[in-house]
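Numbering (the numbering used here), first residue to last: 2 to 568. Virtual Cβ for every residue (Gly too), placed ideally from N, Cα, C. Input: a single structure, listed below in structure tokens.
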Ligand code: C2O
């Protein structure tokens with residue numbers, strides 16, 4: 002197989018945004034990091050050189066990593082983190098998938114700036130796209146700019162303090178449309194277009210915290226793919242994208258070519274209005290060719306943006322996506338029925354820090370700490386002695402150092418009105434959150450099992466939706482709804498004809514999403530909310546897929562050198 006090879010040097014550099022210079026951790030001095038472009042069926046090698054002061058791993062978000070879990074890049078799930086001044090080489094093939102994916106650091110808040118696009122081209126080139134060949138293809142990475150020290154923010158989150166927001170939003174690493182820092186100009190992102198031509202925007206939400214609305218004044222989008230799976234072309238004037246998702250959209254430069262048009266990215270989850278900086282939303286510019294030599298944006302047309310907390314718009318946008326049937330590949334057909342079913346609530350709970358106590362009374366508040374959970378288990382791996390994958394592969398009983406490995410339950414410990422608005426943190430019903438325990442939540446699946454998961458969001462999460470990301474597999478999104486899932490009526494709504502396939506499914510605010518996946522990739526796969534603060538607070542679990550009966554369905558041994566120097 003042909004190969005693509007990169008060296009990623011991770012280091013801290015000084016960057017200036019919002020007229021202030023701060024240290025940021027990036028790959029090869031760039032923000033966003035380098036784009037990896039590879040043809041389907043080819044292999045990728047990335048040598049990571051860690052010159053940063055942090056432990057880190059790089060995760061290849063959405064890449065199947067079939068029989069290659071060792072290269073998935075999740076600290077203490079698939080590998081030990083790469084310490085400062087050490088190197089590590091990732092090797093993987095991309096097979097059976099094409100489109101827009103991305104890569105990012107999987108260590109807490111480092112992914113705020115350690116990220117980039119990963120584009121898989123079809124074997125037969127752009128002519129084989131199921132849509133007209135675009136004139137140009139443009140990665141659009143939405144990110145956040147943090148002036149706060151992210152390591153400190155991370156510590157706060159893992160201690161249950163979750164009121165932290167970024168200073169601003171970025172498009173391809175740039176803030177705003179133009180900053181004038183005492184005479185020195187900081188440019189915003191500019192997309193130069195020629196009238197009448199079609200552009201394919203490969204939009205990636207790399208932000209830690211928020212879904213985004215994306216609009217371009219005077220232009221419309223046709224969404225053609227999501228999470229590197231083609232969708233039925235969907236015309237819309239707004240793209241709604243959650244952290245972890247990718248959306249490919251065609252844009253025709255068919256507006257009057259007389260001026261400039263703002264491309265705006267506005268977060269749905271944002272700080273309270275009184276604390277918002279003007280940069281919490283960001284703008285780039287779409288510039289027609291005869292305007293390429295002036296900086297003046299005074300005449301630029303701005304798009305009308307949806308209301309800031311319009312999560313219903315996001316609900317409908319996601320509900321309108323269906324899979325493109327004529328392009329269904331090998332792993333693409335949705336099985337007619339499931340072997341196992343889970344109902345997983347996504348919530349907040351409290352942990353009691355009083356010695357020897359499982360729960361604190363309300364009066365004991367200083368000792369109770371807020372954590373995020375799935376079925377009331379909050380993921381915790383701090384005491385692990387070996388990565389879960391290693392422990393699993395070598396059948397080390399009580400792997401993970403024997404500390405607190407627990408099964409992820411099939412259902413929440415108690416049924417209640419999950420989406421009751423009265424159920425907010427610290428409200429009168431807070432005891433509903435109990436009992437939450439901290440454990441390394443693991444769920445095992447037989448190789449080939451067809452698994453249904455209903456993710457049920459809860460009112461404890463207030464205005465948040467939950468982008469739930471599964472490693473190593475795509476999920477068919479069968480249905481979504483507002484309110485509480487009810488099998489008796491909701492199962493009948495499942496789309497078993499052309500459900501979209503996603504590696505990240507957005508569970509609507511105060512609602513649910515039902516997914517089906519085939520556990521056909523042996524290994525230990527992280528499943529978690531792609532809001533970094535939910536992940537830091539424990540909204541995660543590990544799905545272990547057992548080996549199948551043949552070498553072709555079993556996890557191979559770790560690559561040579563993988564465990565060198567390890568205890
Ligand atoms: Cu994009 Cu586990 O992450």
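Bounds of the beta strand (DSSP E) holding residue 101 are 100-106. When distances are taken from the beta-carbon of residue 75 to the heavy atoms of the ligand C2O, the shortest one is below 8 Å. Annotation for residue 248: 204, 224, 227, 240 and 242 place their beta carbon closer than 7 Å to its own, counting only its chain and skipping 5 residues before and after.
For the alpha helix (DSSP H) assignment, the stretch 225-275 encloses no uninterrupted run of at least 4 residues.
The three-state secondary structure of residue 529, taken from DSSP, is strand.
Around the Cβ of residue 6, a 10 Å sphere holds fewer than 16 other Cβ atoms; the residue is exposed. When Cβ pairs closer than 8 Å are counted between the two stretches, the stretch 162-178 is seen to touch the stretch 187-205, the count reaching three or more. Taking the CA atoms as reference points, residue 390 sits about 22 Å from residue 55. Around the ligand C2O, the residues whose beta-carbon falls short of 7 Å from at least one of its heavy atoms are 60, 62, 75, 105, 107, 245, 470, 472, 527, 529 and 531, given in chain order.
Membership of residue 391 in the alpha helix (DSSP H) is indicated by the continuous run 389-394. For the alpha helix (DSSP H) assignment, the uninterrupted runs of no fewer than 4 residues enclosed by the stretch 108-187 are, from N- to C-terminal side, 151-159. Less than 9 Å separates the beta-carbon of residue 510 from that of residue 464. In the DSSP assignment, residue 520 falls within the beta strand (DSSP E) that extends over 512-520. Beyond the five residues adjoining it in sequence on each side, residue 253 comes within less than 6 Å, by CB distance, of 199 in the same chain, given in chain order. If you draw a straight line from the Cα of residue 276 to the Cα of residue 169, it is about 12 Å long. Between residue 141 and the set 342, 422, 119 and 374, the nearest pair of CA atoms involves 119.
In terms of Cβ geometry, residue 470 and residue 531 form a close pair [threshold 9 Å].
If you look at residue 313, you'll find it in the alpha helix (DSSP H) that goes 312-320. Short of 6 Å from the beta carbon of residue 67, and not among the five residues preceding or following it, lie these beta carbons of its own chain, in chain order: 522. Using a Cβ distance threshold of 9 Å, residue 229 and residue 40 do not count as a contacting pair. Selection 534, 564, 421 and 260 evaluated against residue 220 yields 260 as nearest (Cα-Cα). Taking a C-beta distance under 9 Å as the contact criterion, residue 266 and residue 317 do not qualify as a contact pair. Residue 437 sits close to residue 350, with the two beta carbons spaced by under 9 Å.
Every beta strand (DSSP E) of 3 residues or more that sits fully in the stretch 448-522 is shown, in chain order, as 450-458, 467-471, 476-483, 505-508 and 512-520. Nearest Cα to residue 8 within the set 22, 47 and 343: 47. Contact between residue 58 and residue 74 holds: their C-beta atoms lie close to 4 Å from each other, under 8 Å. A direct Cα-to-Cα measurement between residue 134 and residue 301 gives close to 29 Å. Boundaries of the beta strand (DSSP E) harbouring residue 353: 341-353, taken from the DSSP string. Comparing C-alpha distances from residue 246 to each of 257, 166 and 209 shows the shortest one belongs to 209. In its chain, beyond the 5 residues on either side, 460, 484, 485 and 511 have a beta carbon closer than 6 Å to the beta carbon of residue 420. Judged by beta-carbon spacing, residue 11 lies beyond the 9 Å limit of residue 543, meaning their Cβ atoms are not closer than that value. If you look at residue 375, you'll find it in the beta strand (DSSP E) that goes 369-375.
Counting only runs that start and end inside the stretch 39-80, the beta strand (DSSP E) elements of at least 3 residues fall at 44-51 and 59-62.
For residue 3, the secondary structure class from DSSP, reduced to helix, strand or coil, is coil.
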